[in-house]
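Under my numbering, the final residue of the sequence shown carries the number 437; numbering is consecutive throughout.
Using N, Cα and C, we set each Cβ at its ideal position, and we do this for glycine too.
Contents: one structure, followed by commentary.
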Amino acid sequence: MSVSNVIHPRRMPAPAALLELIKPITWFPPVWAYLCGVVSIGVSPLSAWPLVLLGMVLAGPVVCGMSQAANDWCDRHVDAINEPDRPIPSGRVPAPWALGLALVMSGAALLLGWMLGPWGFGATALAVVAAWAYSAPPIRLKRSGWWGPSLVALCYEGLPWVTGAAVLAAGAPPFPVLALALLYAMGAQGIMLLNDFKAMAGDRATGIKSMPVLKGPDIAARIACSVMIVPQLVVAVMLLVWGRPWHALVVAALIATQIVAMRRLLRDPVAQATWYSGMGVPLYVAGMMAAALAVRSVEIGP
Numbered sequence: 136m137s138v139s140n141v142i143h144p145r146r147m148p149a150p151a152a153l154l155e156l157i158k159p160i161t162w163f164p165p166v167w168a169y170l171c172g173v174v175s176i177g178v179s180p181l182s183a184w185p186l187v188l189l190g191m192v193l194a195g196p197v198v199c200g201m202s203q204a205a206n207d208w209c210d211r212h213v214d215a216i217n218e219p220d221r222p223i224p225s226g227r228v229p230a231p232w233a234l235g236l237a238l239v240m241s242g243a244a245l246l247l248g249w250m251l252g253p254w255g256f257g258a259t260a261l262a263v264v265a266a267w268a269y270s271a272p273p274i275r276l277k278r279s280g281w282w283g284p285s286l287v288a289l290c291y292e293g294l295p296w297v298t299g300a301a302v303l304a305a306g307a308p309p310f311p312v313l314a315l316a317l318l319y320a321m322g323a324q325g326i327m328l329l330n331d332f333k334a335m336a337g338d339r340a341t342g343i344k345s346m347p348v349l350k351g352p353d354i355a356a357r358i359a360c361s362v363m364i365v366p367q368l369v370v371a372v373m374l375l376v377w378g379r380p381w382h383a384l385v386v387a388a389l390i391a392t393q394i395v396a397m398r399r400l401l402r403d404p405v406a407q408a409t410w411y412s413g414m415g416v417p418l419y420v421a422g423m424m425a426a427a428l429a430v431r432s433v434e435i436g437p
């Protein structure tokens with residue numbers, strides 16, 4: 136059966152289906168990263184709360200929501216195999232509606248980004264371009280098991296962190312802030328690799344070379360775990376060097392707890408990938424905030 140037969144036409148999508156399309160559960164990582172950037176710069180969020188609130192709305196519901204709608208529209212053929220109950224293949228949201236929503240939200244994102252000043256607008260424009268480059272042909276970086284997750288990790292964790300810091304500082308963030316944002320973005324690539332486990336059947340059928348498809352689930356899970364742990368270890372060492380031993384201890388404890396959870400993940404990666412996302416990812420993002428709190432008082436010199 137063709138996808139066009141699976142996607143039953145309807146005049147108006149249900150509001151609940153549109154909300155499902157933009158996936159509110161995925162908004163948390165970029166919103167949290169933006170807050171980490173705000174905290175890491177050492178400026179009181181209350182001193183510029185409109186910018187903080189606007190940035191949170193932009194990072195989560197608008198930009199991330201837009202990227203989800205764009206991805207679902209571009210992936211409607213894959214989802215018809217992997218997850219036919221999703222809004223587009225189930226017919227609850229007509230494909231043209233999904234595309235129109237993604238385009239309108241792209242424009243809204245650029246408008247809101249303009250209100251955050253040059254740093255906010257530049258970051259927003261980069262995020263919008265990256266969202267379409269990830270999902271849409273002919274670029275469609277999602278087809279790569281390495282570059283696709285790398286781009287998503289950068290836009291989910293690194294870019295919002297730097298944006299939050301730059302908007303409140305009204306300028307380029309200092310080195311410690313940039314270093315933490317980059318390291319946690321690198322580690323988040325492992326989270327994105329695990330996210331590909333649920334789509335293995337459709338990825339194989341449509342030629343998407345995700346890491347689980349290329350390497351097999353066992354090797355892919357080990358790669359994902361290594362990618363997550365190594366940058367966090369570097370963060371812990373850097374916090375020690377910067378004279379923040381208690382914060383380093385918190386990060387180290389969170390790493391140790393993740394390693395325990397990873398042992399269960401590695402026993403059966405396909406069955407446990409979703410479980411690990413619910414268990415291990417909160418530990419990962421907790422370390423982000425611990426590091427952000429540490430670096431806000433680091434003396435960086437002239």
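Contact check, residue i vs residue j, beta carbons under 9 Å
i, j, result
"Cys171", "Met363", "no"
"Tyr169", "Met147", "no"
"Cys442", "Thr161", "Because residue 442 is not part of the residues shown, which for the chain are 136 to 437, the question remains open."
"Ala355", "Val213", "no"
"Leu156", "Ile216", "no"
"Pro308", "Ser175", "yes"
"Tyr291", "Asn206", "no"
"Ala301", "Leu286", "no"
"Met446", "Cys360", "Beyond the ends of the chain as shown, which are 136 and 437, falls residue 446; an answer cannot be given."
"Ala194", "Val166", "yes"
"Ser225", "Pro231", "no"
Whole-Å CB distance - residue i paired with residue j, under 8 Å assumed
i, j, result
"Leu349", "Gly280", "5 Å"
"Val312", "Val430", "6 Å"
"Gly322", "Tyr419", "7 Å"
"Arg227", "Ala152", "4 Å"
"Leu247", "Leu188", "So it is not a contact: roughly 11 Å between Cβ atoms."
Bridge partners - residue i, DSSP secondary structure assignment
i, result
"Ser279", "Lys344"
Contact set for residue i: own chain, Cβ-Cβ below 6 Å, skip 5 residues either direction
i, result
"Phe258", "Contrary to the premise, residue 258 reads as Ala rather than Phe in this sequence. Correct list, in chain order: Leu294, Thr298."
"Ser345", "Gly280, Asp331, Asp338"
"Ala320", "Ala288, Leu289, Glu292, Gly293"
"Arg379", "Ala429"
Residue range of the alpha helix (DSSP H) that includes residue i
i, result
"Cys171", "163-175"
"Gly413", "404-430"
"Met201", "200-209"
"Phe256", "252-270"
"Met240", "230-249"
"Met191", "184-192"
"Glu155", "150-156"
"Leu294", "294-304"
Sequence-distant residues of the same chain with beta carbon closer than 8 Å to residue i, five excluded per side
i, result
"Arg278", "Gly342, Ile343, Lys344"
"Val386", "Gln367, Val370, Ala371, Leu374, Gly422, Ala425, Ala426"
"Ile435", "Caution applies to Ile435, whose pLDDT of 49 falls short of 50 and renders its modelled position unreliable; the value that the coordinates give is listed next. Closer than 8 Å at the Cβ level, and outside the excluded window around Ile435, lie Pro309, Phe310, Pro311."
Other residues of its chain near residue i: CB distance less than 7 Å, five sequence neighbours each side excluded
i, result
"Met240", "Val197, Gly200, Met201, Ala204"
"Leu428", "Val174, His382"
"Ala262", "Val198, Cys290, Leu294"
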